[in-house]
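What follows is a single structure, written as structure tokens, with notes after it.
Chains as they are written, first to last, in the working numbering: chain F, 86 to 297; chain L, 86 to 297.
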């Protein structure tokens, strides 16, 4: 099966969570910009034969067992999906740190609000999510580990000071991250030109004033 | 099967999306406050025999086919789940209108930011979501129709002026809403003391200054 991923080009964003699963599995896929008139509310969406699937967590729920990145057991699949949905919530909050007023406005036009939101994110929300995954991380390898890896990578880029301070308390999370980085196909992908660097058009953005 | 729903008492919130499905199906369920030390990141969660499922959309993905509120076909289930995840995104944005800085702060402490976010919500995000569901609503009745009903009810409570202005353009969405309201078990539930009124502790809140 050849998969077709549709997502904005030039930013890792939500598409990267799908790419990491496809790369880890050595799957064959095309990486395309969204078509005009696509039916999902927003990219990413995935085409697989006749299926067209939207919403990041929904795509991975369907895709992961086919890539052997999730077991077939229903209870375990539901648990992993619950974890993935929690990661997507976390990712949304990362986005809203630099865009607390409106996605349609520039960061510069909501900088004052962003500073307030960033303070709450660093002091309350970020430790809350890390503590949750610290408690629940582990078990057989799955696509959720790949997603947690991507969160940690993105957070290190966007909030290097906060992450240096927090990481020593969340060793299980860091262990999951490090194991993912050492997986041969992931290591090769990260070293390749296909891996899109984090940048200021993406969800994870580094603004020093938001990482005090 | 008797279901146990766990959610904050006194607010409709995310729990109401599960309640509406259980009520429409005439299912037997208990409605409990969250236990201390629950394992999900946040309520609601559902217990069904040995299963414990968290995340609103995940609960409904599992529950709806059992309540005959979703077909068994995989393609259709994935599509409905995609729609439900989009509704959950919309609901998150409704929450962030009155809490754009931090959930942990009072509305009064982020009123200035809320006014700016509310303007973008009324002018850009609300019409965007309505237009999306206007285009995609329809097909056999499902739990997503119940969720869309709840969104419209909540939005009418929180943004009565904006909704009066917008609704005439989105007749398919209003038709779905009206059909749900006429379903006998839903009508009985809405008229009962079990239905929790919208209020200023919930996700949908009416602040006249945010609905100009």
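Ideal placement from N, C-alpha and C gives every residue a C-beta, glycine not left out.
Of the candidates 170(L), 99(L), 183(L), 297(L), 297(L) places its Cα closest to the Cα of residue 248(L). Contact between residue 140(F) and residue 221(L) is ruled out by a C-beta separation of about 13 Å, above the 8 Å threshold. For residue 181(F), the nearest CB of chain L lies under 8 Å from its own CB, placing it at the interface with that chain. Between residue 152(F) and residue 106(F), the C-beta gap is smaller than 8 Å, which places the two residues in contact.
Not one beta carbon of chain L lies nearer than 8 Å to the beta carbon of residue 243(F).
Within chain L, the C-beta atoms nearer than 7 Å to that of residue 177(F) come from 177, in chain order. Judged by DSSP secondary structure, residue 217(L) falls within the alpha helix (DSSP H) whose first and last residues are 211 to 221. Residue contact check for residue 158(F) against chain L: no CB pair falls below 8 Å. In this structure the segment 268 to 284 of chain L does not lie against the segment 175 to 186 of chain L, because fewer than three pairs of beta carbons, one per stretch, are closer than 8 Å. Against chain F, the beta carbon of residue 261(L) has no neighbour under 7 Å; the closest one sits roughly 17 Å away. Contact between the segment 214 to 228 of chain F and the segment 251 to 259 of chain F is present: three or more C-beta pairs spanning the two stretches fall below 8 Å. The secondary-structure analysis by DSSP pairs residue 131(F) across a beta bridge with 90(F), 138(F). If you draw a straight line from the Cα of residue 132(F) to the Cα of residue 226(L), it comes to about 26 Å. Residue 116(L) sits in a strand when the DSSP states are folded into three classes. The C-beta of residue 139(L) comes closer than 8 Å to at least one C-beta of chain F. DSSP places residue 124(F) in the coil class of the three-state scheme, outside both helix and strand. Using a C-beta cut-off of 8 Å, the segment 208 to 216 of chain L makes no contact with the segment 261 to 281 of chain L, since fewer than three inter-stretch Cβ pairs fall below that distance. For a cut-off of 8 Å, the C-beta gap from residue 96(F) to residue 144(F) is around 17 Å, too long to register as a contact.
Taking all protein chains in view, the Cβ of residue 294(F) is surrounded by fewer than 16 other Cβ atoms within 10 Å, so the residue is classified as exposed.
For secondary structure counted as the alpha helix (DSSP H) over 4 or more consecutive residues, the segment 250 to 277 of chain L holds these complete runs in sequence order: 256 to 266, 269 to 276.
The alpha-carbon separation between residue 233(L) and residue 173(F) amounts to approximately 21 Å. Beyond the five residues adjoining it in sequence on each side, residue 204(F) comes within less than 7 Å, by CB distance, of no other residue in the same chain. CA-to-CA, the gap between residue 121(L) and residue 208(F) works out to about 23 Å. Sixteen is the threshold: when 16 or more other Cβ atoms of the shown chains lie within 10 Å of the Cβ of residue 142(L), as they do, the residue is buried. Counted as a single uninterrupted DSSP element, the alpha helix (DSSP H) harbouring residue 160(F) occupies residues 159 to 183. When only Cα atoms are considered, residue 206(L) and residue 166(L) end up about 24 Å apart. Look at the segment 143 to 172 of chain F: the residues with a C-beta under 7 Å from a C-beta of chain L are 143, 147, 160, 163, 166, 167, 170, 171. When the five nearest sequence neighbours on each side are left out, the beta carbons in the same chain lying within less than 6 Å of the beta carbon of residue 113(F) are those of 87, in order along the chain. From the listed residues 90(F), 135(F), 134(F), 162(F), the smallest Cα separation to residue 128(F) is found for 90(F). The beta carbon of residue 136(L) sits closer than 8 Å to some beta carbon of chain F. Shown here for residue 110(L): same chain residues with a beta carbon closer than 6 Å to its own, the five before and five after excluded, namely 152 in chain order. Residues of chain L whose Cβ lies closer than 8 Å to the Cβ of residue 186(F) are, in chain order, 185, 198, 201, 202, 205. Scanning chain L for C-beta atoms nearer than 8 Å to the C-beta of residue 217(F) yields 126, reported in chain order. Taken through DSSP and simplified to helix, strand or coil, residue 241(L) comes out as helix. The beta carbon of residue 189(L) sits closer than 8 Å to some beta carbon of chain F. Per DSSP, residue 102(F) is one residue of the alpha helix (DSSP H) stretching across 100 to 109.
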